[in-house]
Amino acid sequence: MKNNHWFSTGIVVIMLIVVSLICPDSVKAEYPDRSITVLVGFVPGGSMDLSARALAKSAEKILGQPVIIENKPGGTGTVALAALLSQKPDGYTLCATPSSVLIRVSQQQKVPFKPFTSFKPVIGFTEPQLGIVVKNDAPWKTLKDLTGYAAKNPGKVKYATTGVGSTTHAAVEEIAGKDKLQLIHVPYKGSMEALTALLGGHVEFASLTSELVPAVKSGQARLLAVMSEKRSPKYPDVPTMKELGYDFANDAVFAIVAPSDIDPAVMKKLEGAFTAAAKSREYLETLDRINMIPVYYDGKAFDSFLRKHWKIINKNLIASGAIKEAATKPE
Amino acid sequence: MDALNGLFYGLSVAFELHNLLLLLAGCLLGTLVGVLPGLGPVGAISILLPLTFQLPPAGAIIMLAGIYNGAMYGGSTTSILINVPGEAASAVTCLDGYAMARHGQAGQALGIAVFGSFIAGTVGLIGLQLIGGPLSVLALKFGPPEYFAIILMGFTFIVYLAQGSMIKAVLMALAGIILSLIGLDPITSEQRFTFGNIHLFEGIGVVPLAIGLFGLAEVFANLEKTAPARVLKVRIRNMFPSRSQWLQAKWAIARGTVIGFFMGILPGGGPVLSTFMAYGVEKRVSKHPEKFGHGAIEGVAAPESANNAAASTSFIPLMTLGIPPNVVLAVLFGAFMIHGVTPGPLLMTQHPEIFWGVIASMYLGNVILLILNLPLIPLWVQVLRIPDKILYPLIVLFCLLGAYSINNSVFDIGVMILFGVVGYLLNKFDFEAAPMILGFVLGPMFEVNLRRSLLMSQGSFAIFVERPIALVALIICIILIILPIYQTIRKKRSYVKQ
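One line per chain: the protein sequences are A and B, in this order. Residue numbering for the first sequence follows the working numbering, beginning at -10 and increasing consecutively. Residue numbering for the second sequence follows the working numbering, beginning at 12 and increasing consecutively.
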């Protein structure tokens, strides 16, 4: 009997050791004393996901704790931002989001947060490169071929984007508006899904972010237009949308945001770490590999970027008849 | 990459030291939860998921798959030795396994269970390896209408194959779908069923739900049992079944493997159901059905083979279509996503290290389990001696930890406890929790693909019958719905005639 008693005690001791290993420290040590989670509102493998992962990898060396990316796709990136609201503002949960989710999506759909005041921007760190792609066996060699075909076949041409109200969606709206096309929009929860739909032949074309790179490189897909101001050095033969006569260039910046009531001391640490990470060589090399452009906005600069673009995009959306007024109040 | 090159590449991943250690840990943990009554692979994988956050994705999935396979091996031990199934997929093994043990053949029963598991698991993996690649290519052809129809077919299978009442299974699947609607609309970001509560904006998590329904609810159910389970005092002398036993069992293993192979792929099938089917078939084809329940070795060999074959092949729909066919795979699906990997047609080309690494490591896992299981059985028997008053509080503690650590959220603990109580009550009223979890996981895919299809067709439902793959799936749905109705009517008619 005594033997049995010792056996039980031993099991309990072992289990308690395991538990103490899993449990986050309850003793307040200096921030950060455990891993930091960064939420991403799109499926893995897209430009938001890849760039956030690259930044997180560099940041964790500076912070001395793992920085983990967690994908919460849905609602064109709004689900992840909404999820951040329910987290403690202790700096252990952040969200990586395109500015377009805070601006375009929030103006077209009523979202459960205030784009200017619910979050505090930590850093704006990169710009995606967007493009219009078709499958390699599609008959269209230029964007004009494609729009010409769509004009002759109203309501027949389907396209995939990363979500309703996203920048990829806005770009196609611009084309459709100018050329008076009737296109069918099929929204996905991120570019990886949209790319799968394109390669499977379920849509005629797709408006995507940087994950078009491997598909274009391997010849599975053809790039018809890019949405940067200037031609991409990686694809010098592909025209920009502006060259083709559409007044559209990407206006989204990817940023890391924290809950608005975060402790200022923690915020300062985060800003320092992410700024250093955004300037690290490792990060810049990864960005180049996934065809993204490094930019740098500190919290204040990103905040004024948001406010400025809110007005510009609001005017455009009202002018195009997409909305009558912004669906969400910004503050 | 063809299947053979893929396997060699996968082996190179699986043999990396850290992956090998993770596999070993997964197999041991899996066997442990398989042995422990009251905690199955669903609960265990959910609880341990947060532990894998800091591992690279391939290692994490390898470990979690190891837990799944380990549980399939471990479950038989308790069934045979104490007549209590360590987990649901070994429930049938109790019938003949415990009877064999009482006749002094515990060793042979354990032995045939392990060898049968090994053979069937390996065959299932060969299937996964050969079918996986070509199916991934085909799966690219699946657009929203095809996905919608296939998921609908999945739901019909879940209901058709339900162990109890079909109506109850329908209700549970629907309840799961409704639960999955909570949160922001996946396309328009509108709030649904959130009641303005910020914790509900992203919906409720599958992990707290699964831990509640399958972890906590089990503990509650076990609290009712007052009599402590007695470990049969047997000397396990000879693990190797005799020549005549082998001859008796060999076809049982073969049939169990085939049944498990197909049941694993079917949505709603999976290891648990395959064991019941395999046992039923064995009893029907046997020349001496009267021996079943009194220590027939086929009654151990067939179900134990079936559950391992099913465990292997259930990875086929997940890794190629991105559709989890059973509850364990539904939780694993969540694990893939958490590690930034989307299971589906592009998995093989974009993450070959995971696709082939996981397959190769499952081969290795089978070998590890074969080698480890037999000598370690005395150790597992020791584990069974942990008194309930220590074991159950510990499981509750792990449930709480698992639910909390996924998001560091107290709200999730509340969700977990609520569904623990719900799961207990469902159990009492003979509702199965499995269709609910499947409804919960497949619900969002079902909804989004339905809406995308209708967007593509501008609102016309004809899109589902114009596409051949979707049409075939829908016809199967209709047959599965009509079949049981027809059977009931015929039964009633013959009853009236009498």
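Think of the CB as a built atom: it goes at the ideal place given N, C-alpha and C, for glycine as much as any other residue. Please read all numbers here as calculations on a predicted model, not as lab measurements.
For ALA414 (chain B) and ASN30 (chain B), the gap between their C-alpha atoms comes out near 26 Å. Residues of the same chain with a CB within less than 8 Å of the CB of LYS103 (chain A), apart from the 5 flanking positions on each side, are THR317, LYS318, PRO319, GLU320 in chain order.
If you check each beta-carbon in the region 233 to 266 of chain A against every beta-carbon of chain B, none falls closer than 8 Å.
The distance from the Cβ of PHE168 (chain B) to that of LEU491 (chain B) is about 7 Å, consistent with a contact at the 8 Å cut-off. Closer than 8 Å at the C-beta level to chain B, one finds these residues of the region 124 to 151 of chain A: GLY144, LYS147. PRO319 (chain A) sits in coil when the DSSP states are folded into three classes, being neither helix nor strand.
When only Cα atoms are considered, ALA14 (chain B) and SER420 (chain B) end up about 43 Å apart. In the same chain as THR268 (chain B), and ignoring 5 residues on each side of it, the C-beta atoms closer than 6 Å to its own belong to ALA131, VAL134, SER316, ALA320, in chain order.
For VAL161 (chain A), DSSP assigns no beta-bridge partner whatsoever. The DSSP-derived three-state label of GLN209 (chain A) is coil. Inclusion of VAL24 (chain B) and GLY368 (chain B) in the CB contact set at 8 Å is warranted, their separation being smaller than that value.
The alpha-carbon separation between CYS84 (chain A) and LEU259 (chain A) amounts to approximately 13 Å.
Within the region 142 to 156 of chain B, the residues whose Cβ lies closer than 8 Å to some Cβ of chain A are LEU151, LYS152, PHE153, GLY154, PRO155, listed in chain order. With at least 16 other beta carbons inside 10 angstroms of its own, MET74 (chain B) counts as buried. Under a 10 Å Cβ-count criterion, TYR497 (chain B) is classified as exposed, with fewer than 16 other Cβ atoms of the shown protein chains found around its own Cβ.
In this structure, PHE129 (chain B) sits away from ASN418 (chain B), with a CB-CB distance that is not shorter than 8 Å. Cα atoms of ILE193 (chain B) and GLY63 (chain A): separation of roughly 12 Å, rounded to the nearest angstrom.
Within 7 Å of the CB of SER191 (chain B), no CB atom of chain A is found; the nearest one sits about 11 Å away. Cβ-Cβ distances below 8 Å link ILE302 (chain A) to ILE92, ARG93, GLN96, ASP240 in the same chain, with the five nearest sequence neighbours on each side left out; the list follows chain order. At a cut-off of 3 residues, not a single continuous stretch assigned as beta strand (DSSP E) sits fully inside the region 105 to 133 of chain B. In this chain, ASN239 (chain A) is not harboured by any alpha helix (DSSP H), its DSSP state being neither H nor E. The Cβ neighbour count for HIS210 (chain B), taken over all protein chains shown within 10 Å, is at least 16; the residue is labelled buried. DSSP places ARG396 (chain B) outside both helix and strand once states are collapsed to three, so it counts as coil. Contacts with chain A at 8 Å (Cβ-Cβ) do not include PHE472 (chain B). Excluding sequence positions up to five before and after PRO101 (chain A), its CB lies within less than 6 Å of the CB of ALA71, all in the same chain and listed in chain order. A contact is defined here as three or more CB-CB pairs under 8 Å, and the region 219 to 233 of chain B meets this definition with respect to the region 52 to 61 of chain B. Per DSSP, the continuous beta strand (DSSP E) segment holding HIS174 (chain A) begins and ends at 173 to 176. The beta carbons of ILE72 (chain B) and ALA341 (chain B) sit no closer together than 8 Å.
Non-local C-beta neighbours of MET330 (chain B) in its own chain, meaning closer than 7 Å and more than five positions away in sequence, comprise GLY143, PRO354, LEU358, PHE366, ordered along the chain.
Where PRO87 (chain A) is concerned, the enclosing beta strand (DSSP E) starts and stops at 82 to 87.
Listed in chain order, the positions of the region 94 to 113 of chain A with a beta carbon within less than 8 Å of a beta carbon of chain B are VAL94, GLN98, LYS99, VAL100, PRO101.
Close to chain B, meaning a Cβ-Cβ distance shorter than 9 Å, are the following residues of the region 161 to 190 of chain A: ILE173, HIS174, VAL175, PRO176, TYR177, LYS178, GLY179, MET181, GLU182, LEU184, THR185, ALA186, LEU188, GLY189, GLY190. The beta carbon of SER464 (chain B) is closer than 6 Å to those of PRO155, PRO156, PHE159, ILE474 in its chain, skipping five residues each way along the sequence. Under the 8 Å criterion on CB atoms, LEU465 (chain B) is classed as non-interfacial with respect to chain A.
Taken through DSSP and simplified to helix, strand or coil, LYS298 (chain B) comes out as coil.
In this chain, the alpha helix (DSSP H) harbouring PRO52 (chain B) covers 52 to 59.
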